[in-house]
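Residues -13 to 367, numbered by my numbering, are exactly what the sequence shown covers, in order. Read through the structure below, which is laid out as structure tokens, and then see the notes.
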Amino acid sequence: MSYTLETDHVVQRYIQKNLDTAVQMILQRLERPPVAILLCGGFGRGEGTVFKDGQDVTPVNDYDFLIVTDESTPRPAMLGKEIAKAIAMKLVDIGFMNLDELTRLAPSQWGHDLKYGSRVIFGDDSLLQRLPNCSADQIPIWDGIKLLCNRMAGIIGAYYEEPSCQSAPERMRWMTVQVDHILIACGDAFLITSKLYHNRYSTRVELLNEKQPLWFTQNEVATIVDAYKRKLSIWDKEFVIREHLLDKTLSHICPIVEKAYIQSMQEYLGRHLSSLEEAIRGYFNVRSFLPYRRFKRWLASTLRGRKYYGFECIPAFPVDTCYTLMPLLYFSAPWQAQESTKQKLAQLVSHYADARICDVNSGYHKRMSKELYAFWEQYCH
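See the structure below:
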């Protein structure tokens, strides 16, 4: 089984060399060998995406590794960054999980993808067979909403990233990846809600073309399907320009994301929702509890550059407020086309975050987006 849909031998050798380096570094850093190392994500299921320029190959996205242990092994905090540096990549995602915990996973999109769309690259080859079965109809609707919010966070992080961090072509490609991710999340959210989800992109494309979801117009479905297909391609240096990806601005995809979010939240809450604002309020109203106040205080203190009572207030359970603020920030960001909606949602941001300024064009709003993104990466991603 290859690591990409197109079996280019140069690409396969490059990826294998990267994986061998990663496994070697993981084993060197652990006190004892793990039960297994799993390759997850696109490369794990043989649908990885790479950029190729002659003999030069670069994965468009990151590698995802899950290290399975049978003990409480110390987790090297910087291991992912060290591997990324060694193989000249932007990101390498390293996760750790105890074997007992892994074999008792509750049904989820992540568990479904792990069991049916991963591969063992070191250790116990029978491990995946021991994971609990997870059919498409067992995946919670919330997983689709969570995925949409994660991809909103990716857009916010990429949009506000310092330009000096990347060259113009790299930045263009990276933003294209984030846009594709959120379009794919829209398709995935529909499939999860409809109990049709499948771990392979190619099968999801077939399902979307066959079902023609009523959430979206035919043109919107085609836009989503194109994003899946780009994830199954080998990109060359002219790919972004040739595919007219620069025309697919964030303001053009916002209506698709908005429909996916409202429809998914409607199914989750079990009632009709007439607007984006109502969907966001609806979720927050049923999930709001005490830790929200701690998060509100932490965010306000961070943005104002001071601390409360001589210490930073880091909440224990900020998840629900984060899942309220992330779509608010995304849909009130500069790329939102409708000014009235943008300002209305920005007022909600101010309300939930205890902020005094709600102008989306202000440095305050930008700083709040960056602060929440950093917080999201630590607590929610």
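Virtual Cβ for every residue (Gly too), placed ideally from N, Cα, C. All values derive from a computational prediction rather than experimental measurement.
| Check | Outcome |
| --- | --- |
| Compute the beta-carbon to beta-carbon distance between TYR214 and ILE242, rounded to the nearest angstrom, for a pair I have assumed lies under 8 Å. | Between ILE242 and TYR214 the Cβ distance is about 13 Å, and since that is not below 8 Å, they are no contact. |
| Quick check on the burial criterion: 16 or more other C-beta atoms within 10 angstroms. Buried or exposed for VAL272? | exposed |
| Look at the Cβ atom of ILE53, then the Cβ atom of GLY66, and state whether they are nearer than 8 Å. | no |
| Whole alpha helix (DSSP H) runs in the segment 105 to 151 with 4 or more residues, listed along the chain? | 128 to 145 |
| With a threshold of 7 Å, establish whether the CB of TYR102 neighbours any heavy atom of the ligand NAD. | Questions concerning the ligand NAD fall outside what the structure shown contains, since it holds no ligand whatsoever. |
| Does the pairing of the segment 110 to 119 with the segment 162 to 180 give three or more beta-carbon distances under 8 Å? | no |
| Do you know how far the Cα of THR235 is from the Cα of SER326? | 19 Å |
| Could you give the distance in angstroms between the alpha-carbon of VAL21 and the alpha-carbon of TYR316? | 40 Å |
| Could you check whether GLU263 and LYS330 sit closer than 8 Å to each other, using their CB atoms as the reference points? | yes |
| Please state whether DSSP places ASP222 in a helix, a strand or coil. | coil |
| If distances are taken between C-alpha atoms only, which option among ASP48, ALA332, LEU25 comes closest to MET312? | ALA332 |
| Under 8 Å by Cβ, that's how I've got SER260 and LEU134 pegged, so tell me the actual separation to the nearest angstrom. | Not confirmed; about 19 Å, so no contact. |
| My understanding is that ILE178 touches VAL(-3), with C-beta atoms under 8 Å, so please give their C-beta distance in whole angstroms. | That belief does not hold up - the Cβ atoms of ILE178 and VAL(-3) are roughly 31 Å apart, past 8 Å. |
| Among GLY143, ARG(-1), GLU206, LEU16, which residue has its Cα nearest to the Cα of ARG61? | LEU16 |
| May I have the straight-line CA-CA distance separating LYS132 from LYS245, to the nearest angstrom? | 15 Å |
| Grab the span of the beta strand (DSSP E) containing CYS308 for me, first residue to last. | Looking at the DSSP string, CYS308 is not in any beta strand (DSSP E); the run it does join, the alpha helix (DSSP H), is 305 to 317. |
| If we call anything under 8 Å between Cβ atoms a contact, is PHE361 one with CYS308? | yes |
| Under the rule that 16 or more other beta-carbon atoms within 10 Å means buried, what is GLY40, buried or exposed? | exposed |
| What is the DSSP secondary structure of ILE23, counted as helix, strand or coil? | strand |
| Does DSSP classify PRO93 as helix, strand or coil? | coil |
| Should ALA92 go down as buried or exposed, given a rule of 16 or more other Cβ atoms within 10 Å for buried? | exposed |
| Report the partner residues of PRO45 according to the DSSP bridge assignment. | VAL36 |
| Is ALA265 buried or exposed, if buried means 16 or more other CB atoms sit within 10 Å of its CB? | buried |
| Under DSSP, the beta strand (DSSP E) around PHE82 begins and ends at which residues? | 78 to 84 |
| Do CYS26 and ASP452 come within 8 Å of each other at the CB atom, strictly closer than that value? | A query on residue 452 cannot be resolved here, the shown segment of the chain reaching from -13 to 367 and no further. |
| So is ALA139 buried or exposed if we call it buried at 16+ other beta carbons inside 10 Å? | buried |
| Just to confirm, is the Cβ distance from LEU24 to THR55 under 8 Å? | no |
| Tell me which residues share the same chain as ARG137 and place their Cβ nearer than 7 Å to its Cβ, disregarding the 5 neighbours each side in the sequence. | HIS167, ILE168, ALA171 |
| Considering only residues of the same chain and omitting the five flanking positions on each side of GLY268, which have a CB-CB separation below 7 Å? | MET251, LEU255, LEU259 |
| Pick from GLN364, CYS366, LYS352: whose alpha carbon is nearest that of TYR145? | LYS352 |
| Hey, ARG186 and ARG31 are a contact pair by Cβ (cut 8 Å); roughly how many whole angstroms apart? | 6 Å |
| So the candidates are LEU334, GLN2, SER94; which of them puts its Cα closest to the Cα of ASP123? | SER94 |
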